[in-house]
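Undergrad: Handing you this structure, nothing more for now.
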Amino acid sequence: MTPDATVRWRRAAPTLLLGVGATCVAAVLAHVDPNAPGNPLPPCPLRALTGFYCPGCGSTRALYGLLHGDVAGALAMNPLLVAVMPVLLLMALRAGDLLPTWAPCERVLAVARRPRVWLWLLLGYGVLRNLPWMPFAWLAPG
4 MTPDATVRWR RAAPTLLLGV GATCVAAVLA HVDPNAPGNP LPPCPLRALT
54 GFYCPGCGST RALYGLLHGD VAGALAMNPL LVAVMPVLLL MALRAGDLLP
104 TWAPCERVLA VARRPRVWLW LLLGYGVLRN LPWMPFAWLA PG
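Position 54 of the sequence shown, counted from 1, bears residue number 57 in the numbering used here, the numbering being contiguous throughout.
Below is the structure:
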């Protein structure tokens, strides 16, 4: 292997491992319905302890819905996850050097690479989805 190929492989390896993990999650969700009573998947610990929805509540059911082609159901469970999945995919592909440079992507990624953006987005979403009034109640899972 040439030095360039070795460097490229080392940059791509974490992204490829992430892809393997995502494939494993998809395989589980292809056979286990998180909406069914008595399913083996664990409930959200924050929801179980406090009764509040965390920003990730409903993510498993949203991924299940997306995997089975139910976009509306996925949006009902966790609209933020559905909205940011394309950005997360772009970030993973770009981090692994598996995506060519493209100006529109680079502008989105420049914002998405800032941890402060994610911090405020997740904190704000976590607070808003626990408010009982419309339209915020639509952010709660289910």
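The beta carbon of each residue, even a glycine, is placed where N, CA and C say it ideally should be.
Taking only the alpha-carbon atoms, compute the straight-line gap between Trp12 and Arg97 and give it to the nearest angstrom.
TA: 13 Å
Undergrad: For my contact list, Val35 and Pro46 are in at a C-beta cut-off of 8 Å; report their separation, rounded to the angstrom.
TA: No, Val35 and Pro46 are not in contact; Cβ-Cβ is about 14 Å, not under 8 Å.
Undergrad: Hey, quick one: how far does the alpha helix (DSSP H) through Arg50 stretch, first residue to last?
TA: It spans Pro48 to Thr53 - the alpha helix (DSSP H) in which Arg50 sits, taken as one unbroken run.
Undergrad: The alpha helix (DSSP H) that contains Cys108, what's its start and end?
TA: Ala106 to Ala115
Undergrad: How far does the alpha helix (DSSP H) with Val130 in it reach, from first residue to last?
TA: Under the DSSP assignment, Val130 falls in the alpha helix (DSSP H) whose first and last residues are Pro118 to Leu131.
Undergrad: Determine, using beta carbons only, whether Asn81 and Gly54 come nearer to each other than 8 Å.
TA: No.
Undergrad: Measuring straight from C-alpha to C-alpha, what distance separates Leu124 and Pro17?
TA: The alpha-carbon atoms of Leu124 and Pro17 are separated by roughly 25 Å.
Undergrad: When you compare each of Arg64, Ala77, Arg14 and Asp100 to Pro40 by their alpha carbons, which one comes out closest?
TA: Arg64
Undergrad: So does Val111 have its beta carbon nearer than 7 Å to some heavy atom of the ligand MG?
TA: For the structure depicted, the ligand MG is absent and the ligand set is empty, with no information on it obtainable.
Undergrad: Using the three-state DSSP reduction, which class does Tyr67 fall into: helix, strand or coil?
TA: helix
Undergrad: Would you report the Cα separation of Leu112 and Leu134, rounded to the nearest angstrom?
TA: 30 Å
Undergrad: Quick check on the DSSP output: the alpha helix (DSSP H) that includes Val85 runs from which residue to which?
TA: Pro82 to Ala98
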